[in-house]
Amino acid sequence: MTFPNPILGAQGLTPTHAQILRHLRKSNEVALRAVTLGCHPFGAILVGPDQETVLLEQCNIDTVNHAESTLARIAATNYSPEFLWSCTLYTAVEPCCMCAGTAYWANIGRVVYGMSEHQLLQETGGHKENPTMSVPSRYVFDHCQKPVELIGPIEEIVAETLLLHRAFWHE
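For the sequence shown, counting from 1, position 82 maps to 840 in this note's numbering; every step adds exactly one.
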């Protein structure tokens, strides 16, 4: 298996800013679906190398089956590592260390997020159902042997994502 030069990032097309915003908003739509299913408001999507085709969508399930990690495991069982290296995982909230690690092991080459884990912690505080960890995904990816490209936070998405989480965690 070959990987791109770390300076160049993941293979495949680089997403435009408009594509990033559209896909992050879609991940928030998936998060809303999670809420209707009685789950926490997190959603993730996997986009193909063309930066247009949505290959998978995944709601949050529970505290050990987060949207991102579940999506990454499903992707790894349905696509080759070479193909996934040129795909992008989008999630409106920064992946936790478990989800970042799972995306890495699934060989997903790019991860894009809207709001940081730190911002989520500020919003949820000490909520017993969301004991966030202060381990940024950047830290996880900086300690990997493969150069996963990480894009985020994306400021235009933060306010929208905060509204969704305020409605859920403070009801």
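Even glycine gets a Cβ: it sits at the ideal position worked out from N, Cα and C.
A quick note: this is a predicted structure, and the numbers were derived from the prediction, not measured.
Can you grab the Cα-Cα spacing for the pair residue i / residue j, in whole Å?
i: Q816; j: V788; result: 7 Å
i: H824; j: Q809; result: 23 Å
i: C797; j: V822; result: 12 Å
i: H876; j: M891; result: 9 Å
i: V898; j: L790; result: 27 Å
i: D820; j: A917; result: 24 Å
i: V851; j: Y837; result: 24 Å
Among all the DSSP beta bridges, which residues are the ones paired with residue i?
i: A802; result: Q816, T849
i: R896; result: Note: R896 sits in no beta bridge, so no partner.
i: L908; result: V869
i: N823; result: D820
Going by alpha carbons, who is nearest to residue i out of the options?
i: T882; options: A792, L922, L790; result: L922
i: P894; options: L879, I912, G859, C855; result: C855
i: S785; options: D820, I832, L847; result: L847
i: V906; options: G884, C845, V851, E875; result: C845
i: L771; options: I803, I912, G910, T811; result: T811
i: L779; options: L804, T919, I915; result: I915
Determine the burial state of residue i: buried for a count of at least 16 other Cβ atoms within 10 Å of its Cβ, exposed for fewer.
i: A925; result: exposed
i: T835; result: exposed
i: G801; result: buried
i: C902; result: exposed
i: A776; result: exposed
i: A861; result: buried
i: H928; result: exposed
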